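J.: Keeping their order, the protein sequence lines are chains X and R. In short: position in the first sequence from 1, add 2, done, that's this note's numbering. In short: position in the second sequence from 1, add 4, done, that's this note's numbering. Note that beta-carbon positions come from the ideal geometry of N, C-alpha and C, so glycine has one too. Quick caveat, the model's predicted, so the values are computed rather than measured. I have a structure here, written as structure tokens, and I will follow up with some questions on it.
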Amino acid sequence: MTERTTTERAMAAHSGTAPILEVRHLSVSFGGLRAVDDVSFTVARNRITTVIGPNGAGKSTLFNLISGALRPRAGHVLIEGTDHTGEPPYRVQAAGLARSFQITNLFFDLSVAENLRQAAQILEPRSMMWRPIGASRAAHARVDELLERFGLTAKAQYPAGKLSHGEQRRLEVAVALACRPKVLLLDEPTQGMSHGDTQDTAALITSLAADVTVLLIEHDIGLVMSLSDHVIVMHQGQKLAEGAPTDVRNNPAVQAAYFGHA
Amino acid sequence: MRMIDALTRSMRASHLLVALLVAASLVFAAIGAAMGETFYLRLATEALIFAGLALSVDILLGYNGLLSLGQALYFGLGAYLSALVLMWVPSFWAAFAVTAVVSAVVGLIGGFIANRVRGVYFALITFGMAQVAAKVVYNTRALGASDGLIGVPVIDINLGIISFSSASPAGFFLFVLGVIVILYGVTAYLLDTPFGRLLIALRANERRVPFLGYRTMTLRLSAYVIAAMIAALSGALYPMLRGFVSPELLFFSTSGNAVITVIVGGVGTLAGALYGSVLLTLLKSVVGSYTEHHVIVIGLLFMGAVIFLPRGLMGIVRPAVERMLTRRSKP
Ligand SMILES: Nc1ncnc2c1ncn2[C@@H]1O[C@H](COP(=O)(O)OP(=O)(O)OP(=O)(O)O)[C@@H](O)[C@H]1O
Ligand SMILES: [Mg+2]
Chain X
3 MTERTTTERA MAAHSGTAPI LEVRHLSVSF GGLRAVDDVS FTVARNRITT
53 VIGPNGAGKS TLFNLISGAL RPRAGHVLIE GTDHTGEPPY RVQAAGLARS
103 FQITNLFFDL SVAENLRQAA QILEPRSMMW RPIGASRAAH ARVDELLERF
153 GLTAKAQYPA GKLSHGEQRR LEVAVALACR PKVLLLDEPT QGMSHGDTQD
203 TAALITSLAA DVTVLLIEHD IGLVMSLSDH VIVMHQGQKL AEGAPTDVRN
253 NPAVQAAYFG HA
Chain R
5 MRMIDALTRS MRASHLLVAL LVAASLVFAA IGAAMGETFY LRLATEALIF
55 AGLALSVDIL LGYNGLLSLG QALYFGLGAY LSALVLMWVP SFWAAFAVTA
105 VVSAVVGLIG GFIANRVRGV YFALITFGMA QVAAKVVYNT RALGASDGLI
155 GVPVIDINLG IISFSSASPA GFFLFVLGVI VILYGVTAYL LDTPFGRLLI
205 ALRANERRVP FLGYRTMTLR LSAYVIAAMI AALSGALYPM LRGFVSPELL
255 FFSTSGNAVI TVIVGGVGTL AGALYGSVLL TLLKSVVGSY TEHHVIVIGL
305 LFMGAVIFLP RGLMGIVRPA VERMLTRRSK P
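Below you can see the structure in the form of structure tokens.
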């Protein structure tokens, strides 16, 4: 691993040469279990990179390490060339990274619109924190835009907890997207969705990549193949392979470890 | 999307209910003054003072979802500070200024300690801190120990346009009403800002908040300090009314009563803290004039409220007011 000076890093970040997201030798253990074990990769700007792997491979734990939900035991997380390793989630968020959760993580007794407004509020200047809620016009405009885009306008005033499972999963993604992140981590956004909803969500994710870099966890192999620009395969905490979707699919090691189980 | 959502509408319903209470208070003050009444005016003044304490409990319980069993710490702090200042300089402004500053600092320290934990542990730590403070005051000679501080002078409250004595029952009642309405107004304003909404978000799902870009400790601390200041400023009114302060103000009974007030009045409604306090103070006095076991009656009443009115008085009344407001806003 080469050490670079802060200035070099800042310059690289400024000129846009640094990868939008880079993970170096990331590791964490739970007791004796190496949940994430020396994982390194870079994510290309405005592309969809998908992490796949069998249950318990360490995919969600990897997301927790990147988003600041967990501190790594070793390794680094770099966003646009700046080291954000072990920083709390609100700092990582400020660096431009947002995430959704595998287990729906909303404000269930607040309305759909208010869930989105809470997440979009960060787009407003800090001084708006102490002004009446209606004054945050940019946040409200963002909410309307997202309600429209995610087909939730009719349900805007419903409590999030009253939505169907599929709608909650969609709202989960919309909430993560509300702050206009540079990097969006989506942990199994289509989990438990009907076939139709899954297709809609896939189309939506594809459309996102125009202005956001997406790192996705997905189990549906058909979806992975059609959606991804790049695929990273995890197995027992380690990175088993990475590459273009078809290359990964044809990789014998991957077939043995992953598709063998399917 | 409309700019007024359900939460703002609920807040407006609270404003209306508080306006109603203020109107009733003005009528009450006018009648009381005309009849030369003292006892009930002073009792009502006390109800309003404890309403301020209940308001601070509701910020934490109703919005942040945190049960404080030690809010008397700040109420008592305000009462003692105010008594000490008034015995030295008889100025209500000085008493308020000192109380505001000191309670902010003490609230910050207390907040750092209490907000390290959540749920039951938060309740226990706030309880513990108040108990320690009460015991310290109880054993401090300079603060009058178990007797408290007596002989707080009657002061002239000079508001520029008018000036009156803290001993004037109707005048001081109206003054306290004004202070409590201002404290309510500030609280209600803050809770309907993005900051206030984040407190609601913390109650709804604390784990999600950091991923939206906010530091939960800062939010919780801010709420705690605001609640501490409101409790202390309410407490600062107490020696102006009674002319003395005693360690009982810091005891658990004071904190516990404030929690009961909020639960009976309606958690998370703000207006409920005010109505609840008026109701309980009145009941305590009326029942107390028949039997000395009024604590039993209050206890039974509380149990009844929890079982039959789990959302409290305002939890029932406010939604009706909200429906009225929605109907009116639709053409
Ligand atoms: N906080 C934790 N404490 C202890 N063990 C954990 C913790 N989080 C994850 N693990 C364990 O680490 C391993 C990896 O879990 P992780 O959730 O990252 O898997 P995953 O690849 O996301 O699986 P899935 O496809 O089922 O979501 C599992 O064995 C899991 O039980
Ligand atoms: Mg997972």
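#1: For X:V45, which of helix, strand or coil comes out of DSSP?
#2: Give the residues of chain R in contact with X:A123, contact being defined as C-beta atoms less than 7 Å apart.
#3: Roughly how many angstroms lie between the CA atoms of R:L52 and X:L179, to the nearest whole one?
#4: With three or more beta-carbon pairs closer than 8 Å as the criterion, would you say the segment 221-228 of chain R touches the segment 26-40 of chain R?
#5: Just to make sure I have the definition right: I need the residues of chain R whose C-beta is within less than 9 Å of the C-beta of X:L108. Which are they?
#6: Would R:G66 pass as an interface residue toward chain X - the criterion being a Cβ-Cβ separation below 9 Å?
#7: Enumerated in chain order, which unbroken segments of the beta strand (DSSP E) with a length of 3 residues or greater are wholly contained in the segment 118-172 of chain R?
#8: Give me the chain R residues within the contact set of X:S113, using Cβ-Cβ distance strictly less than 7 Å, ordered along the chain.
#9: By the criterion of Cβ-Cβ separation under 8 Å, what are the contact partners of X:Y160 in chain R?
#10: Taking the alpha carbon of R:G148 as the point to measure from, which residue in R:S250, R:V310, R:F79 and R:L21 has its own alpha carbon closest?
#11: Do R:F96 and R:I154 have their C-beta atoms within less than 9 Å of each other?
#12: Is the CB-CB distance between R:V15 and R:A192 below 9 Å?
#13: Should X:H27 go down as buried or exposed, given a rule of 16 or more other Cβ atoms within 10 Å for buried?
#14: Sort out for me which residues DSSP pairs X:G245 with in a bridge.
#15: Take R:R219 as the anchor and find which of R:A134, R:A231 and R:L206 has the nearest alpha-carbon.
#16: So, helix, strand or coil for X:F103, using DSSP?
#17: Consult DSSP for R:T265 and reduce its assignment to one of helix, strand or coil.
#18: Spatial neighbours of R:Y44 within its chain, please: C-beta separation below 7 Å, excluding the five flanking residues on both sides.
#19: Tell me the rounded alpha-carbon separation between X:R176 and R:V106.
#20: Quick one: what does DSSP say R:T285 is sitting in, helix, strand or coil?
#21: Any contact of the segment 36-52 of chain X with the segment 237-252 of chain X, i.e. 3+ C-beta pairs under 8 Å?
#22: Give the single residue among X:M130, X:T51, X:L218 and X:P183 whose Cα lies nearest to the Cα of X:Q193.
#23: At a cut-off of 8 Å, would you count X:D189 as near ligand 2, judging by its Cβ distance to the nearest heavy atom?
#24: I need the DSSP call for X:H27, collapsed to helix, strand or coil.
#25: Verify the contact flag: R:F256, CB atom, against every heavy atom of ligand 1, threshold strictly below 8 Å.
#26: With a threshold of 16 other CB atoms inside 10 Å of the CB of X:P254, please say whether the residue is buried or exposed.
#27: Please identify, using Cβ separations under 7 Å, the residues of the segment 191-215 of chain X that lie next to chain R, in order along the chain.
#28: For the candidate residues X:H142, X:F103, X:G88 and X:A59, whose alpha-carbon lies nearest to that of X:R73?
#29: Measure how close the beta-carbons of X:I135 and R:T197 come, nearest whole angstrom, since I'm counting them as under 8 Å.
#30: For X:A96, return the contacting residues in chain R, with the cut-off set at a CB-CB distance below 7 Å.
#31: Starting from the beta carbon of X:A100, find every residue of chain R whose beta carbon is closer than 8 Å, and list them in chain order.
#32: For X:S69, count the other beta carbons within 10 Å of its own beta carbon; 16 or more makes it buried, fewer makes it exposed. Which is it?
#33: Is the CB of R:A17 under 9 Å away from at least one CB in chain X?
#34: Taking just the CA atoms, how far does X:D85 sit from X:E169?
#35: To the nearest angstrom, how far is it from the Cα of X:T63 to the Cα of X:V38?
#36: Rounded to a whole number of angstroms, what is the C-alpha to C-alpha distance between X:T51 and X:V114?
T.: A quick look at the data gives this:
#1: Here residue 45 of chain X refers to the residue found at position 43 of the first sequence. DSSP places X:V45 in strand when its eight states are reduced to three.
#2: Here residue 123 of chain X corresponds to residue number 121 of the first sequence, with the count starting at 1. The question names Ala, but residue 123 of chain X is Gln in the sequence shown. At a C-beta separation below 7 Å, X:Q123 has these neighbours in chain R: P198.
#3: Position 48 of the second sequence, counted from the first residue, corresponds to residue 52 of chain R. Position 177 of the first sequence, counted from the first residue, corresponds to residue 179 of chain X. Approximately 46 Å, taken between the alpha carbons.
#4: no
#5: In the first sequence, counting from the first residue as 1, residue 108 of chain X sits at position 106. The contacting residues are A208, N209 and R212.
#6: Walking along the second sequence from the start, residue 66 of chain R turns up at place 62. No, R:G66 does not count as interfacial toward chain X.
#7: 160-162 and 167-169
#8: Residue numbering aside, residue 113 of chain X sits at position 111 when the first sequence is read from its first letter. Chain R residues near X:S113: D9 and A10.
#9: Within the first sequence, numbered from 1, the residue matching residue 160 of chain X stands at position 158. By Cβ distance, chain R contributes nothing, its closest Cβ being about 10 Å from X:Y160, past 8 Å.
#10: The residue given as residue 148 of chain R occupies position 144 in the second sequence. When each option's Cα is compared against that of R:G148, the closest is R:S250.
#11: The residue given as residue 96 of chain R occupies position 92 in the second sequence. The residue given as residue 154 of chain R occupies position 150 in the second sequence. Result no, Cβ atoms of R:F96 and R:I154 do not sit closer than 9 Å.
#12: As a position in the second sequence, residue 15 of chain R is number 11, starting the count at 1. As a position in the second sequence, residue 192 of chain R is number 188, starting the count at 1. At residue 15 of chain R the sequence reads Met, which differs from the Val that was named. Their beta carbons are under 9 Å apart, which means R:M15 touches R:A192 by this criterion.
#13: Here residue 27 of chain X refers to the residue found at position 25 of the first sequence. So X:H27 ends up on the exposed side.
#14: Your numbering for residue 245 of chain X matches position 243 in the first sequence. In the DSSP output, where bridge partners are listed per residue, X:G245 has X:V233.
#15: Counted from its first residue, the second sequence places residue 219 of chain R at position 215. Considering only alpha carbons, the answer is R:L206.
#16: For the purposes of this step, residue 103 of chain X is identified with residue 101 of the first sequence, where counting begins at 1. In this structure, X:F103 counts as coil in the three-state DSSP scheme.
#17: Counted from its first residue, the second sequence places residue 265 of chain R at position 261. Per DSSP, reduced to three states, the secondary structure at R:T265 is helical.
#18: Sequence index remark: in the second sequence, residue 44 of chain R carries index 40 (1-based). Cβ within range, chain order: G36.
#19: One-based indexing of the first sequence puts residue 176 of chain X at position 174. One-based indexing of the second sequence puts residue 106 of chain R at position 102. This sequence places Ala at residue 176 of chain X; Arg is not what is there. Rounded to whole angstroms, X:A176 and R:V106 show a C-alpha spacing of 44 Å.
#20: For the purposes of this step, residue 285 of chain R is taken as residue 281 along the second sequence, with counting starting at 1. The answer is helix: DSSP assigns R:T285 an H, G or I state.
#21: yes
#22: As a working mapping, residue 193 of chain X is identified with position 191 in the first sequence. Comparing Cα-Cα distances from X:Q193 to each of X:M130, X:T51, X:L218 and X:P183, the minimum goes to X:L218.
#23: Walking along the first sequence from the start, residue 189 of chain X turns up at place 187. Checking every heavy atom of ligand 2 against the Cβ of X:D189, one is found closer than 8 Å.
#24: For the purposes of this step, residue 27 of chain X is taken as the residue at position 25 of the first sequence. In the structure shown, X:H27 sits in a strand (DSSP, three-state: E or B).
#25: Position 252 of the second sequence, counted from the first residue, corresponds to residue 256 of chain R. Flag unset: Cβ of R:F256 not near ligand 1.
#26: As a working mapping, residue 254 of chain X is identified with position 252 in the first sequence. It counts as exposed.
#27: Among the residues of the segment 191-215 of chain X, none has a Cβ less than 7 Å away from any Cβ of chain R.
#28: For the purposes of this step, residue 73 of chain X is taken as the residue at position 71 of the first sequence. Nearest option by C-alpha distance: X:G88.
#29: What you label residue 135 of chain X is simply residue 133 of the first sequence in a count that begins at 1. What you label residue 197 of chain R is simply residue 193 of the second sequence in a count that begins at 1. Contact holds; Cβ gap of about 6 Å.
#30: On the first sequence, residue 96 of chain X is found 94 positions in, with the first residue counted as 1. Simply G217.
#31: Here residue 100 of chain X refers to the residue found at position 98 when the first sequence is read from its first residue. Going along chain R in sequence order, the residues near X:A100 (Cβ under 8 Å) are F215.
#32: Translated into the one-based positions of the first sequence, residue 69 of chain X becomes position 67. Counting Cβ neighbours within 10 Å, X:S69 comes out buried, since at least 16 surround it.
#33: Locating residue 17 of chain R in the second sequence gives position 13, where the first residue counts as 1. Not an interface residue.
#34: Stepping through the first sequence from its first residue, residue 169 of chain X is reached at position 167. Stepping through the first sequence from its first residue, residue 85 of chain X is reached at position 83. Straight-line Cα distance between these residues: approximately 35 Å.
#35: Your numbering for residue 63 of chain X matches position 61 in the first sequence. Your numbering for residue 38 of chain X matches position 36 in the first sequence. Computed Cα separation, rounded: 7 Å.
#36: Here residue 51 of chain X is taken as the residue at index 49 of the first sequence, counted from 1. Here residue 114 of chain X is taken as the residue at index 112 of the first sequence, counted from 1. Cα to Cα, the separation comes out at about 28 Å.
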